[in-house]
Amino acid sequence: MTTIDTRPLRTLVHTAGAPEGEWWRDAVIYQVYPRSFADASGDGIGDLPGVTSRLDHLAELGVDAVWLSPFYRSPQADAGYDVADYRDVDPLFGTLADFDEMLERAHRLGLRVIVDLVPNHTSDEHVWFQAALAAGPGSPERARYLFREGRGVDGTEPPNNWQSIFGGPAWTRTTDPDGTPGEWYLHLFDSRQPDLDWEHPEVRSEFEDVLRFWLDRGVDGFRIDVAHGMVKAPGLPDWDGHVSMIEGNEDAGDVEAVDSVSGAGNQGPMFDQDGVHDIYRAWHRVLAEYPGDRALVAEAWVEPLSRLSRYVRPDEMQQAFNFAFLATHWDAPALRTVVEASYRASDAVGAPTTWVLSNHDVVRHASRLGLAEPGSRPNGIGHGDEQPDEALGLRRARCASLLMLGLPGSAYLYQGEELGLPDHTSLDDDLRQDPAFFRTGGAERGRDGCRVPLPWASDAEGFGFSPTGVTWLPQPAEWASYALDAQRGVPGSTYETYRSALQLRRESALGSGGMEWLHGLGDDVIAFVNRDVLVVANLGPTPIALPAGAELLLASTDPTVGDDGAVHVPSDVTVWARYTV
Ligand code: GLC
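Okay, structure coming up:
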């Protein structure tokens, strides 16, 4: 007698344990944005002692590591991404001793610590830039930056037509010591963030030294800011393309061609030049001198994914944020394509994929996904703009997060997403601080909405962010219900759902697992098996029944039980189920 195999068809996309070993391959890494995490001093701005005081929360949540955005000496023209001294802590955030204490406490709790390195540009208050201004044209001091003569009569036109990512021209003209207009300098971001010239040997040796400074203190790795920007095309040629922080990925194309997945890219002569890889090969060697699998993670908004994977070749960085995934709209076929293409690209070089849904530069996914066209405003939402549907956004955010955490690879969480936090989407423009808002004349609302101080305690002034109740940006009153103390111990809360997911992910070794698509559940459904866990995300309108033999483990929102007794996954819900069929 022939038995008919009724098991749904599967397709292997990524093999379990391939390759394995180093901690960062499957780590869940939590981004701390220091000014908005926790404030110990009471000035309304978060600080390092505040981080230390809340590390228990991260250990309890169950993450493996913490990445801290910059806390170095800085005039804060771009919230610390304008560094004036790479070897010191800004008094706003504390002292080097506070850093050491934080690091020691994190390590005692079993948490690794990654710090942010900003090598594309310095602050205009960095000693090198101050010296360059003072020394004048043709000086060795100017050679560390990109100073050029202007074009046109008397050099009144910028040296080329590049635009700043924050809006406006990417060049600012200097004034010579005698008061006459002088050379121009390049800044891909704000005018207070002059770009370094990475052809200069002193720039290279200085940053290797900075790496060693922090490695010697014991950090486990670095997140490399604008990792695709340091080398520019020779001659700085004009370019008519458009640069922006992020574009939505509406058209995910054909999975056979990894190169068809787009949407997270910055192209042009200022980005993703081949020469940048020499820098990472050198840095790889520096990290390799230290014990304990130290890691570099690239913030590289490049496309297509095959270009991104070049940053994580075996002798370069360890991870690169997968922004193509973040930029993909709420659409099951597009997400399937990007997930599969991501494995193809990273497996080809033996690197892990590095999933991420939110960070300090984009609208939080709880808000992005609550818009009529999900993801349509990644660069900021303000009053007067369409306001997200908060409940729908949260439901989808939880669905997206469980989908992400079920995938093998490393995953990054942005502080507050474990609380289901939305952006502040109606922030008063008068309170905005992001240079992107000012440089675009308000056309882009900017990133302040995702940087609002965290709510820890629902009844406290400033929701327990600081002992005085002061917060550098106002928190919406509705955030009381998102506060940690309102969710801790409450079954089904976003916080407890994240905690359960991280625990199950660890127990079932999902981070180092494999991925096989499970077919047959419909086009609107993303279904895959990772080890013995089936992950089903239903993005369509109709509930779908889990296949026979699937035993429910966790759901992003309550599933239902059909007349047939089977578990049904409703719209915008992800479930994890034990599945050994
Ligand atoms: C990166 C940072 C962003 C910063 C920019 C300039 O994209 O994540 O916050 O504004 O670089 O340093």
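Counting from 1, position 171 in the sequence shown corresponds to residue 171 in UniProt numbering; the numbering is continuous, with no gaps. Even glycine gets a Cβ: it sits at the ideal position worked out from N, Cα and C.
Contact annotation: LEU335 and ILE526 have beta-carbon atoms nearer than 8 angstroms.
Spatial neighbours of THR172 in its own chain (CB-CB distance under 7 angstroms, excluding positions within 5 residues in sequence) are listed in chain order as TRP184, TYR185, HIS187, SER191. By DSSP's assignment, MET317 forms no beta bridge with any residue. Note: ASP116 is bridge-paired with ARG223 in the DSSP secondary-structure output. The C-beta distance from LEU518 to PRO8 rounds to 5 angstroms, short enough to fall under 8 angstroms.
Counting along the chain, the unbroken beta strand (DSSP E) around ALA65 starts and ends at 65-68.
Around the CB of GLN503, fewer than 16 other CB atoms lie within 10 Å, so the residue is classed as exposed. Assigned with DSSP and collapsed to three states, PHE437 falls in helix. For the pair of segments examined, the region 117-128 was found to touch the region 193-209: the number of CB pairs separated by less than 8 angstroms reaches three. CA-to-CA, the gap between VAL470 and PRO455 works out to about 12 angstroms. Counting other Cβ atoms within 10 Å of its Cβ, GLY179 stays below 16 and is therefore classed as exposed. Going by DSSP, SER410 is part of the beta strand (DSSP E) stretching over 410-414.
A residue is listed when its beta-carbon falls short of 6 angstroms from at least one non-hydrogen atom of the ligand GLC; in chain order these are ASP78, TYR81, VAL118, PHE189, ASP225, VAL226, GLU299, HIS360, ASP361.
Between SER346 and SER309, the gap from beta carbon to beta carbon is short of 8 angstroms. Residue nearest to ALA288 within the set GLU208, ASN266, ASP124, ASP274 is GLU208 (criterion: CA-CA distance). When C-beta atoms of the region 457-470 are compared with those of the region 389-396, fewer than three pairs fall below 8 angstroms, so the two segments do not count as touching. The beta carbons of PHE271 and ALA436 sit no closer together than 8 angstroms. Under the DSSP assignment, LEU186 falls in the beta strand (DSSP E) whose first and last residues are 181-186. Around the beta carbon of GLU373, a 10 Å sphere encloses fewer than 16 other beta carbons of the protein chains shown; the residue is thus reported as exposed. Rounded to whole angstroms, THR354 and ALA324 show a C-alpha spacing of 11 angstroms. Around the beta carbon of PHE213, a 10 Å sphere encloses fewer than 16 other beta carbons of the protein chains shown; the residue is thus reported as exposed. The beta carbon of ARG10 is closer than 8 angstroms to those of GLU516, TRP517, LEU518, HIS519, VAL529 in its chain, skipping five residues each way along the sequence. For TYR33, the secondary structure class from DSSP, reduced to helix, strand or coil, is coil.
By the beta-carbon neighbour count (other beta carbons within 10 angstroms, threshold 16), VAL569 is buried. DSSP, reduced to helix, strand and coil, places ASP524 outside both helices and strands of the structure shown, so it counts as coil.
Annotation for GLY168: ARG439 place their beta carbon closer than 7 angstroms to its own, counting only its chain and skipping 5 residues before and after.
Straight through space, the alpha carbons of VAL286 and PRO474 are spaced by roughly 42 angstroms. Scanning its chain for C-beta atoms nearer than 7 angstroms, with the 5 sequence neighbours on each side dropped, one finds around VAL13 the residues GLU340, TYR343, MET515, GLU516, TRP517, in chain order.
With contacts defined as CB atoms closer than 8 angstroms, ASN538 and SER571 qualify as a contacting pair.
Residue environment for THR560: exposed (fewer than 16 other C-beta atoms within 10 angstroms of its C-beta). Around the beta carbon of LEU431, a 10 Å sphere encloses fewer than 16 other beta carbons of the protein chains shown; the residue is thus reported as exposed.
According to DSSP, residue pairing for ARG578 in a beta bridge involves VAL533, GLU551. Note on geometry: alpha-carbon atoms of ALA77 and ARG445 lie some 17 angstroms from one another.
As computed with DSSP, TRP517 is found in a beta bridge with THR11, PHE528. The bridge partners DSSP lists for PRO169 are GLN163.
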